[in-house]
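Right, one structure below, let's go through it.
Residue numbers (UniProt numbering): 1 to 465.
Encoded structure:
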């Protein structure tokens, strides 16, 4: 078998049908991603860590370095192009689902003062640190973009994001999703996600090709699309969902919503932005707390999370090269310093803000660790920055490794801070419980359904307990 693979790799695989090779590549990517996810899950790591590692192992950092001919045979340029297209579809669907799950309106139960403070601390300090790092090292991670300001603000943004889906999964695994701390973390991550995508939209608009008039037109059309979504599309979708719930055949709404998400993605792409921004925006217009919406999420999540999203991780991994950091020890020292700055700014910023609103010291530290989880959101943002030439291949490599490190360290740090293993009184979560379910249970628990009081953790108007 090994000799057959070696022979095929050496011959370039000219006789292999392109469709067969594409399907083989998909099978290898999905199998490797989930195998690593399952193995790392045994030591308490979220599935996304294994998926990221799977993408890295298939890229130039591992397979391309150890056995370049095998990588060239398995992932030739035409297969990679097709995989990228499939990954974009998966990413659009994933961001649409994330938009559907965003529940900013529920943060009022936790207190606007509390959520505002944690957002300012959890995003503000890391953003300023990132801006400072990029300004101090103007070419360290920079791509070919002529906009220095766009590069600087983009690095600040990458330092400030938190991965809502991964965070929700970690909280569910640790049975913290119903706790006051989990409620605040999910609320902060939800609002932070909205702020991050809004900021990325502005950065991409400002750094796009064209003069001042073109930039102003892009921003104006984007704002018009946001207003249209809030004032027209959202009420229209609410009416459609209500009508669908009252009649048989509600499943017919699924393709309509998918077409809307893909159409929005295409529209924002034509505006010079990334398609995921449009998909996310359309998702925010879909009504929450609807049986039809819940059913739709369940239908889309399986294939998207199991197949399409690993293709995105593999696509990112194919463009990541650890060798881009070189052998210069000063380069690796700079990388370590950047990652350390990202970690400390998140933990200190978010934890300090939680401490200021009356959270006990240990709980504040745990909150900072939770907000330090960057996960898939960091990968998506980094990939967009690389596509728009805001960062170089070295920059993409650094940000992907930072996402991997900050995500992998979340669980162990929480356990080191005294978060106990799950008790047997609650059933084990499903393998892919989503941010929607976690956010719903967290806000319910915070308001008293689970017997937890938010009072000791959160203070301010609108606080339950």
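Cβ coordinates follow ideal geometry from the N, Cα and C atoms, glycine included.
message = Quick check on residue 346: buried or exposed, where buried means 16 or more other Cβ atoms within 10 Å of its Cβ?
response = Within the chain shown, numbered from 1, the residue matching residue 346 stands at position 346. Buried, because 16 or more other Cβ atoms sit within 10 Å of the Cβ of residue 346.
query = Do residue 99 and residue 282 have their CB atoms nearer than 8 Å?
reply = What you label residue 99 is simply residue 99 of the chain shown in a count that begins at 1. What you label residue 282 is simply residue 282 of the chain shown in a count that begins at 1. In contact: residue 99 and residue 282 (Cβ atoms closer than 8 Å).
message = Once the 5 residues before and after residue 75 are set aside, which same chain residues still bring their CB inside 8 Å of it?
response = Stepping through the chain shown from its first residue, residue 75 is reached at position 75. So the qualifying residues of the chain are 25, 58, 83, 318.
ask   = Given a threshold of 16 other Cβ atoms within 10 Å of its Cβ, counted over all protein chains shown, does residue 152 qualify as buried or as exposed?
value = As a first step, residue 152 must be located in the chain shown, where it is residue number 152. Its Cβ being crowded by 16 or more others within 10 Å, residue 152 is buried.
message = If the criterion is Cβ atoms closer than 8 Å, does the pair residue 122 and residue 350 meet it?
response = Looking up residue 122 in the chain shown gives position 122. Looking up residue 350 in the chain shown gives position 350. In this structure, residue 350 lies closer than 8 Å to residue 122 by Cβ.
query = For the putative contact between residue 204 and residue 335, defined by C-beta atoms under 8 Å, what is the C-beta separation to the nearest angstrom?
reply = The residue labelled residue 204 in the question sits at position 204 within the chain shown. The residue labelled residue 335 in the question sits at position 335 within the chain shown. That belief does not hold up - the Cβ atoms of residue 204 and residue 335 are roughly 26 Å apart, past 8 Å.
ask   = If we ignore side chains and look at the alpha-carbon of each, how far apart do residue 320 and residue 213 end up?
value = Numbered from its first residue, the chain shown carries residue 320 at position 320. Numbered from its first residue, the chain shown carries residue 213 at position 213. When rounded, the distance between both Cα atoms is 35 Å.
ask   = Can residue 290 and residue 241 be called in contact, C-beta distance under 8 Å?
value = Position 290 of the chain shown, counting from 1, holds the residue named residue 290. Position 241 of the chain shown, counting from 1, holds the residue named residue 241. It is a contact, given that the beta carbons lie within the stated cut-off.
inquiry  = Restricting to Cα atoms, I'd like to know which of 322, 20, 149 is closest to residue 130.
reply    = On the chain shown, position 130 is the one that residue 130 refers to. Ranking the options by Cα distance to residue 130, first place goes to 149.
query = Taking the continuous alpha helix (DSSP H) assigned at residue 298, which residues delimit it?
reply = Counting from 1 along the chain shown, the entry for residue 298 is found at position 298. Run containing residue 298: 291 to 303, per the alpha helix (DSSP H) assignment.
task = Assess, as a yes-or-no matter, whether the segment 40 to 55 is touched by the segment 300 to 316 under the definition of 3 or more beta carbon pairs within less than 8 Å.
result = yes
key: For residue 346, the residue or residues it bridges with in DSSP   = Within the chain shown, numbered from 1, the residue matching residue 346 stands at position 346. Residue 346 pairs with nothing; no bridge assigned.
ask   = Over what stretch of residues does the alpha helix (DSSP H) that includes residue 362 continue unbroken?
value = Reading the chain shown from its first residue, position 362 is the one you call residue 362. Where residue 362 is concerned, the enclosing alpha helix (DSSP H) stretches over 361 to 371.
ask   = Would DSSP call residue 391 helix, strand or coil?
value = Here residue 391 corresponds to residue number 391 of the chain shown, with the count starting at 1. Looking at residue 391 - three-state DSSP - the assignment turns out to be strand.
task = Output the distance between the C-alpha atoms of residue 27 and residue 307, rounded to the nearest integer angstrom.
result = Within the chain shown, the letter at position 27 stands for residue 27. Within the chain shown, the letter at position 307 stands for residue 307. Cα-Cα distance, rounded: 9 Å.
query = Can the beta-carbon of residue 95 be found less than 8 Å from the beta-carbon of residue 276?
reply = Position 95 of the chain shown, counted from the first residue, corresponds to residue 95. Position 276 of the chain shown, counted from the first residue, corresponds to residue 276. Result yes, Cβ atoms of residue 95 and residue 276 sit closer than 8 Å.
inquiry  = Can you tell me where the alpha helix (DSSP H) holding residue 45 begins and where it ends?
reply    = The residue you call residue 45 lines up with position 45 of the chain shown. Residue 45 -> no alpha helix (DSSP H), and no H or E assigned at all.
Neighbourhood of residue 227 by C-beta distance below 7 Å, restricted to the same chain and skipping five residues each side = The residue labelled residue 227 in the question sits at position 227 within the chain shown. Answer for residue 227: no residue qualifies.
ask   = Counting Cβ pairs, one atom from each stretch, are 3 or more of them under 8 Å apart for the segment 295 to 306 and the segment 353 to 368?
value = no
key: In DSSP terms, what residue 142 is bridged to   = Against the chain shown, residue 142 aligns to sequence position 142. Paired residues: 391.
Rounded separation between residue 361 and residue 304 - CA only = Here residue 361 refers to the residue found at position 361 when the chain shown is read from its first residue. Here residue 304 refers to the residue found at position 304 when the chain shown is read from its first residue. One C-alpha to the other measures close to 39 Å.
Cβ contact (3+ pairs, closer than 8 Å) linking the segment 184 to 200 and the segment 166 to 176 = yes
message = Could you check whether residue 404 and residue 382 sit closer than 8 Å to each other, using their CB atoms as the reference points?
response = Start at 1 with the first residue of the chain shown, and residue 382 comes out as number 382. Start at 1 with the first residue of the chain shown, and residue 404 comes out as number 404. Contact flag unset, no.
query = What is the DSSP secondary structure of residue 275, counted as helix, strand or coil?
reply = As a working note, residue 275 is residue 275 in the chain shown. Three-state DSSP puts residue 275 in a helix.
query = Who are the near neighbours of residue 64 in its chain, counting only those whose CB is closer than 6 Å to its CB and skipping five residues on each side?
reply = Indexing the chain shown from 1 puts residue 64 at position 64. The residues are 71.
request  = Would you check if there are 3 or more beta carbon pairs closer than 8 Å linking the segment 267 to 276 to the segment 215 to 225?
outcome  = yes
query = Which class does residue 262 belong to by DSSP, given the choice of helix, strand or coil?
reply = On the chain shown, residue 262 is found 262 positions in, with the first residue counted as 1. It is helical.
task = Within its chain, find whatever has a CB closer than 7 Å to the CB of residue 325; leave out the 5 residues flanking it on each side and keep chain order.
result = Numbered from 1 along the chain shown, position 325 holds the residue referred to as residue 325. Contacts found: 331, 332, 335, 394, 397.
inquiry  = Can you give me the C-alpha to C-alpha distance between residue 162 and residue 248, rounded to a whole angstrom?
reply    = The residue you call residue 162 lines up with position 162 of the chain shown. The residue you call residue 248 lines up with position 248 of the chain shown. Spanning the two alpha carbons is a distance of roughly 40 Å.
ask   = Which ranges would you report for the alpha helix (DSSP H) in the segment 209 to 247 if only whole runs of at least 4 residues count?
value = 212 to 228, 234 to 246
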